[in-house]
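**Student:**
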Ligand SMILES: Cc1cc2nc3c(=O)[nH]c(=O)nc-3n(C[C@H](O)[C@H](O)[C@H](O)COP(=O)(O)OP(=O)(O)OC[C@H]3O[C@@H](n4cnc5c(N)ncnc54)[C@H](O)[C@@H]3O)c2cc1C
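In the working numbering, the protein residues as written are 73 to 511.
#1: So residue 378 is in the alpha helix (DSSP H); what residue range does that whole segment cover?
#2: CB of residue 170 to nearest heavy atom of ligand 1: below 7 Å?
#3: Count the other CB atoms within 10 Å of the CB of residue 338; is the residue buried (16 or more) or exposed (fewer)?
#4: Among the residues of its own chain, which have a CB less than 7 Å from the CB of residue 269, if the five just before and after it don't count?
#5: Tell me whether residue 434 is buried or exposed, calling it buried when 16 or more other Cβ atoms sit within 10 Å of its Cβ.
#6: Bridge partners of residue 449, per DSSP?
#7: Taking a contact to mean a Cβ-Cβ separation below 8 Å, would you say residue 233 touches residue 222 in this structure?
#8: Could you tell me which uninterrupted alpha helix (DSSP H) segments, each at least 4 residues in length, are contained entirely in the segment 470 to 502, listed from first to last along the chain?
#9: Which residue or residues does DSSP assign as beta-bridge partners of residue 318?
#10: On the CB-based measure, 16 or more other CB atoms within 10 Å of its CB, does residue 507 come out buried or exposed?
#11: Beta-carbon separation of residue 120 and residue 401 under 8 Å?
#12: Could you tell me whether the segment 325 to 333 touches the segment 352 to 371, using the rule of 3 or more Cβ pairs below 8 Å?
#13: Measuring CA to CA, which of 271, 481, 383 and 409 is closest to residue 127?
#14: Between which two residues does the alpha helix (DSSP H) carrying residue 354 extend?
#15: Can you give the beta carbon distance from residue 140 to residue 196, rounded, assuming they're within the 8 Å contact cut?
#16: State the start and end residues of the unbroken alpha helix (DSSP H) segment that holds residue 155.
#17: Cβ-heavy atom distance between residue 427 and ligand 1 below 7 Å?
#18: Candidates 205, 281 and 482: which alpha carbon is nearest residue 259's?
#19: For residue 253, name the three-state secondary structure that DSSP assigns.
#20: Are the segment 364 to 375 and the segment 412 to 419 touching by the rule of at least three beta carbon pairs closer than 8 Å?
#21: For residue 463, I'd like the list of residues in its chain whose CB is within less than 7 Å of its CB, leaving aside the five on either flank, ordered along the chain.
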């Protein structure tokens, strides 16, 4: 599994760039902060926390960096868990930074160790063993947990959520004795999980409340094109469908959907959204809404406390995607290092990780303003669908399904702010491969 290439392709994808891209300037900076900075604590060992840690260490060889994580693992690829459940890879295969990386970089990591209290006034945290750890700067990168709706029977054996490696290992083991499964939530994660179970010969049904699957990323036509491809692989779908009850005594036997449909199943995976892990912050008086509220430097209302990744809320938005976690970790790190970086938002880029199926979506999926236009192409015979939104000069967003190598090329045009004017007449004729021919 090519984890590293995948992750690298998602790194530093800020939509409009960050001011901290002038990295070379950093070498010359000897700010007050450099001399005062002795100890950085990071709560969370995911993409956001790790980007911050590696960035700080890259630029400051002496500052003490300590990371806490509730999980018993070193940094691994969370985004690969949905494919991990259905393949033969091991935990090592999805590990990004093994133990040796932390040792080499002189970063102390406490695995399996929760932080249970933050004291922002006296600048220390308390871990689950009641040890006190002081800090100069604290980064809260506690991520999110899967939303579990208060539906009758949700606690039954066989009902799972998928957020961490332990969840994935539990699912991997349990599914071996199952013939069928229901995925609740037809978002990107739910579709990936459905494909993984289907690959292992389980009869899979996806239940989606909205009228079509992946409603956050796709329009209806694109969603139906994707659904058709997946149906050909044997996955069943119920859209506009609501789960009412998980039925069974101690273990799941069936699911009541809508008014009177009972779907027999031994297992279900809930995949209906996330809730940021803000408990610690709230208790400490750190300003929080749905996420921890931060400014453009990723600082909270306490100037020495930063929040990054899925837990952070910036201008009312919680991104909930890997590239944003990385971008935000980088901004917090650079701010701690004495630069003045500004986080200006990350491109909502989604790549479906289902073998043999290429789907990329980014940016706008519909026309919002009067000066915007769309090009739509649908070739059901070849399972191809494409839609782009543009303003006559630049691309603003795209959905590209089943046309290999085009999605990321279009995304690059957006990021590099290159005009698409020369390509438009080709796109209108359904010739997307022009992007491969023209350099
Ligand atoms: C199955 C799956 C597939 C995904 N696929 C994609 C994808 O294809 N593309 C994409 O962009 N995004 C994807 N995502 C989302 C992406 O993984 C997240 O946006 C990203 O991992 C967020 O990183 P983070 O560092 O903010 O949080 P996390 O990676 O969740 O890390 C948070 C860490 O904090 C630790 N923690 C929490 N509370 C405490 C505490 N009190 N004390 C100590 N430690 C604590 C947790 O144990 C965890 O290790 C996927 C997510 C999942 C679950």
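Even glycine gets a Cβ: it sits at the ideal position worked out from N, Cα and C.
Keep in mind the model is a prediction, meaning the values are calculated, not measured.
**Tutor:** So, from the data block:
#1: Counting along the chain, residue 378 falls outside any alpha helix (DSSP H), though it belongs to the beta strand (DSSP E) covering 377 to 379.
#2: no
#3: buried
#4: 158, 247, 253 and 276
#5: buried
#6: 458
#7: no
#8: 479 to 487 and 496 to 500
#9: 327
#10: buried
#11: yes
#12: no
#13: 409
#14: 351 to 355
#15: Incorrect: roughly 13 Å between the Cβ atoms, too far for contact.
#16: 153 to 156
#17: no
#18: 281
#19: strand
#20: yes
#21: 443 and 444
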